[in-house]
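> Take a look at the following structure, please.
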Amino acid sequence: MSETLSDSALDIIFRDARSYNGWLDKDVSREQIEAIYDLMKMGPTSANQQPGRFVWVTTDEAKQRLADCADEGNKEKILGAPVTVIIGYDLDFHEQLPWLFPHTDAKSWFEGKVEGRKESAFRNSVLQGAYLMIAARALGLDCGPMSGFDPEKTTKQFFADQPRYTADWLCSIGYGDPESIFDRSPRPEFDTFNKVI
């Protein structure tokens, strides 16, 4: 791959992108949600594990249920957003490896290794959540990633039918209200936290 993205595209995805706390009254369609997923799923995960599990919260009833699981400061962010995604992971992701990674018997790498699966599922689902944000921004949408919620309560509310799934973090998606963002926080120069050896 020899092409690079334009500066304007990099601005959209990274340099000018912000974390929004409030949202314009503008819907996000099912087609847009699926387009985000269709880009996100192309991002690499270890042995194509794809452990991320996503609940796209769009209805007023579901938003209220999720807001009830959130800290006070995040309730309005959820209620006001057109979509909030619950990013979780599947502790038994390895059951899907025979078709997701058919090149070898990758399922056997994880059988009987619950802690190893948890570590791998967590790491790779967080990667998928980051891909989700990049995809949403690339498609002209804004993001508001959040902690500040009760993962156990959220898991029980939204993954009750899948006992091996765990909610990890949230990300609202929509058209951000410019009035809702703070001044950009400092970003460290390369030498602050990097070493080339």
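Residues in the sequence shown are numbered from 1 upward in steps of one, following full-length UniProt numbering. C-beta: ideal position from N, C-alpha, C; glycine also. Predicted model only: the values in this text are computed from it and were never measured.
Does the Cβ of R53 have 16 or more other Cβ atoms within 10 Å, making it buried, or fewer, making it exposed?
Working through the sequence shown from its first residue, we reach residue 53 at position 53. With 16 or more other Cβ atoms within 10 Å, it is buried.
> Can you give the Cα-Cα distance for N48 and A106, rounded to whole angstroms?
By one-based count along the sequence shown, residue 48 stands at place 48. By one-based count along the sequence shown, residue 106 stands at place 106. Straight-line Cα distance between these residues: approximately 10 Å.
> I173 lies in the beta strand (DSSP E); which residues open and close that run?
For the purposes of this step, residue 173 is taken as the residue at position 173 of the sequence shown. Counting along the chain, the beta strand (DSSP E) containing I173 begins and ends at Y165 to G174.
> I'd like to know whether the C-beta atoms of S172 and K77 end up nearer to each other than 8 Å.
As a working note, residue 172 is residue 172 in the sequence shown. As a working note, residue 77 is residue 77 in the sequence shown. Their beta carbons are under 8 Å apart, which means S172 touches K77 by this criterion.
> Can you give, in chain order, each stretch of the alpha helix (DSSP H) that sits fully within the UniProt domain "Nitroreductase" (24–161) and has at least 4 residues?
List check, alpha helix (DSSP H) in window: 30–40, 60–67, 72–80, 97–100, 107–110, 114–138 and 151–158.
> Compute the Euclidean distance between the alpha carbons of D183 and E3, then round it to the nearest angstrom.
Along the sequence shown, read from residue 1 onward, the residue named residue 183 stands at position 183. Along the sequence shown, read from residue 1 onward, the residue named residue 3 stands at position 3. Between D183 and E3, the C-alpha separation is close to 33 Å.
> For C69, which residues in the same chain have their Cβ closer than 7 Å to its Cβ, ignoring the five residues on either side in sequence?
To locate residue 69, count along the sequence shown from 1; it is residue 69. Closer than 7 Å at Cβ, skipping near neighbours: F149, D150, K153, T154 and Q157.
> Could you tell me how far apart the beta carbons of P82 and G176 are, in whole angstroms, since I believe they sit closer than 8 Å?
Here the question's residue 82 lines up with position 82 in the sequence shown. Here the question's residue 176 lines up with position 176 in the sequence shown. Between G176 and P82 the Cβ distance is about 11 Å, and since that is not below 8 Å, they are no contact.
> Would the beta-carbon of V57 fall within 8 Å of that of I86?
Taking the sequence shown and counting its residues from 1, the one referred to as residue 57 is at position 57. Taking the sequence shown and counting its residues from 1, the one referred to as residue 86 is at position 86. Yes, the Cβ-Cβ distance between V57 and I86 is below 8 Å.
> If you pair each beta-carbon of the region 116–128 with each one of the region 37–47, do three or more pairs fall below 8 Å?
yes
> Which residue comes first and which comes last in the alpha helix (DSSP H) that contains S8?
Your numbering for residue 8 matches position 8 in the sequence shown. Unbroken alpha helix (DSSP H) run through S8: D7 to L10.
> Look at the alpha carbon of W99 and the alpha carbon of S180, and state the distance between them as a whole number of angstroms.
Taking the first residue of the sequence shown as 1, we reach residue 99 at position 99. Taking the first residue of the sequence shown as 1, we reach residue 180 at position 180. Each residue's alpha carbon lies about 43 Å from the other.
> Taking contact to mean at least 3 C-beta pairs separated by less than 8 Å, is the region 8–23 in contact with the region 57–66?
no
> Considering only the beta carbon of each residue, do W169 and M146 sit closer than 8 Å?
One-based indexing of the sequence shown puts residue 169 at position 169. One-based indexing of the sequence shown puts residue 146 at position 146. Taking a C-beta distance under 8 Å as the contact criterion, W169 and M146 qualify as a contact pair.
> Over the uninterrupted alpha helix (DSSP H) stretch that includes D191, give me the two end residues.
As a first step, residue 191 must be located in the sequence shown, where it is residue number 191. Counting along the chain, the alpha helix (DSSP H) containing D191 begins and ends at F190 to F193.
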